[in-house]
Amino acid sequence: GAGVSQSPRYKVAKRGQDVALRCDPISGHVSLFWYQQALGQGPEFLTYFQNEAQLDKSGLPSDRFFAERPEGSVSTLKIQRTQQEDSAVYLCASSLRGTGSTDTQYFGPGTRLTVL
Amino acid sequence: GENVEQHPSTLSVQEGDSAVIKCTYSDSASNYFPWYKQELGKGPQLIIDIRSNVGEKKDQRIAVTLNKTAKHFSLHITETQPEDSAVYFCAAGRGYSSASKIIFGSGTRLSIRP
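Read top to bottom, the protein sequences are chains U and P. Be aware that the first sequence starts at 104, since it is given in our numbering, and climbs by one per residue. Be aware that the second sequence starts at 74, since it is given in our numbering, and climbs by one per residue.
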């Protein structure tokens with residue numbers, strides 16, 4: 104079956120532009136996570152959704168970052184007024200169940216964002 | 074805050090030899106420890122995981138050990154093959170809480186010499 108997909112795979116933005124990154128999780132998966140991976144580093148947690156509810160946004164680095172999952176499936180991560188330090192790979196992951204479980208997180212291929 | 078440290082950052086082994094990667098974690102409430110393999114241009118892929126109620130788990134050439142008292146866990150790959158070359162990440166998570174996020178280590182770049 105289809106895995107987690109993300110689009111676009113690559114995004115180049117000029118500093119100050121807004122960007123929107125899309126994640127299509129595995130069908131039926133309740134949980135959805137966003138991570139940020141800087142070059143040569145491990146993924147760092149940004150935010151977590153259980154269905155349409157955003158239960159944890161403690162990892163979002165600033166109020167320029169906003170995520171939504173309005174219908175409990177597709178999610179969008181939006182970054183406003185991008186800055187050079189936002190350059191990274193943004194990974195989306197989904198897992199079958201919600202809070203209280205430690206199901207496998209399946210990752211998408213990521214979106215590589217470069218801010219010039 | 075929660076932290077996972079991983080060593081070494083790079084590892085080169087002869088094909089057929091074993092590779093060991095070690096991690097320590099700071100959050101004593103962590104009870105879930107997955108290991109991910111990441112190839113260039115791809116997202117991390119789970120290769121094995123262990124929960125805190127067991128001390129060791131094995132899957133073919135891959136094994137993971139966990140010492141909860143010392144708060145460290147290790148990945149062992151035996152009979153390494155060229156396709157094992159990748160970046161490996163350990164992680165720690167706290168299941169049964171309000172957020173099932175996992176904290177990743179900084180990664181180990183494993184190279185298999187032919």
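Each residue gets a CB set at the ideal place from its N, CA and C atoms; glycine is no exception. All of these numbers come straight from a predicted model, not from anything done at the bench.
Per the Cβ contact rule, the segment 133-145 of chain P is not in contact with the segment 112-120 of chain U (fewer than 3 Cβ pairs under 8 Å).
For residue 162 of chain P, the neighbours in chain U by C-beta distance under 7 Å run, in chain order, 145.
For the segment 80-112 of chain P, the residues whose beta carbon sits under 7 Å from a beta carbon of chain U are, in order, 105. For residue 130 of chain P, not one C-beta of chain U is nearer than 8 Å to its own C-beta. Judged by their CB atoms, residue 149 of chain U and residue 131 of chain U are not nearer to each other than the 8 Å cut-off.
Here residue 157 of chain U is bridged, per DSSP, to U:152. The way I'd put it, the segment 104-114 of chain P doesn't touch the segment 84-92 of chain P; fewer than three beta-carbon pairs between them come closer than 8 Å.
The C-alpha of residue 183 of chain U is placed about 32 Å away from the C-alpha of residue 206 of chain U.
The beta-carbon of residue 184 of chain P is placed no less than 8 Å from the nearest beta-carbon of chain U.
Of all residues in the segment 190-208 of chain U, only 192, 194, 195, 196, 198, 200, 201, 202, 203, 204, 205, 206, 207, 208 place a beta-carbon less than 9 Å from a beta-carbon of chain P. Under the three-state reduction of DSSP output, residue 187 of chain U falls in the helix class. Within the segment 144-179 of chain P, no run of alpha helix (DSSP H) reaches 4 residues while sitting entirely inside it.
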